[in-house]
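Here it is, written out as structure tokens:
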């Protein structure tokens, strides 16, 4: 067993490791939990039923990687173009993580959960989020354009700005506090009643 690796039941736990692009290329991990690790790349890596806890995955390359039932918890993920990963079976959840300047363009991520995340400057252009779950997320400068957000519940999310006419929004839920960001494209003034 490698140094900084723990086995618990059928789960391998890798702790406090730094993974280079060469370390990861072509690897397959199933049922592995990574804790406090730093990654340079996940290019060509297959991840099945894996968890990343308090890891730094900033600016990593995910080209041709497979992600099935992968959870990111308390992770720092900046500048990652998830649309470069294999879309077959793509299933990821993000909990209490930073997801700034990431790309989910044209992805079918309708089974994903985004909970308690800071999602600044990220693009969901053309994505299908119709059955995704999004709660308590800060969506400052996040792009929704030609995005299917039908049925999505944004009521606990903040800093939502989008042109509703450019998205599929059937039965999408928003809080009244979000109305300013939803109507900003119409050049109107919203005031409290006197």
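Numbering (the UniProt record's numbering), first residue to last: 1 to 194. All residues carry an ideal CB built from backbone N, CA and C; glycine is no exception. On a predicted model such as this, the values are computed, not experimentally measured, just so you know.
With contacts defined by Cβ atoms closer than 8 angstroms, residue 160 and residue 176 do not form a contacting pair.
With respect to the 8 angstroms criterion, residue 76 and residue 98 are classified as neighbours on the basis of their beta carbons.
If you keep only unbroken beta strand (DSSP E) runs of at least 3 residues inside the stretch 87–129, you get 92–95, 98–100, 113–115.
Each residue's CA atom was taken as its position, placing residue 73 and residue 194 some 45 angstroms apart. If you draw a straight line from the Cα of residue 55 to the Cα of residue 169, it comes to about 34 angstroms.
In the structure shown, residue 74 falls within a coil segment according to DSSP collapsed to helix, strand and coil. With respect to the C-alpha of residue 136, the residue from 83, 101, 158 having the closest C-alpha is 158. The beta-carbon separation of residue 83 and residue 107, rounded to 5 angstroms, stays under the 8 angstroms limit for a contact. Exclusion of the five residues before and after residue 34 leaves 14, 52, 55 as the residues of its chain whose Cβ lies within less than 6 angstroms of its Cβ. Residue 22 carries a helical assignment under DSSP once its states are collapsed to helix, strand and coil.
Contact annotation: residue 129 and residue 152 have beta-carbon atoms nearer than 8 angstroms. It is roughly 26 angstroms from the alpha-carbon of residue 125 to the alpha-carbon of residue 40. Between residue 45 and residue 112, the alpha-carbon positions lie close to 20 angstroms from each other. Residue pairing by DSSP places residue 143 opposite 123 in a beta bridge.
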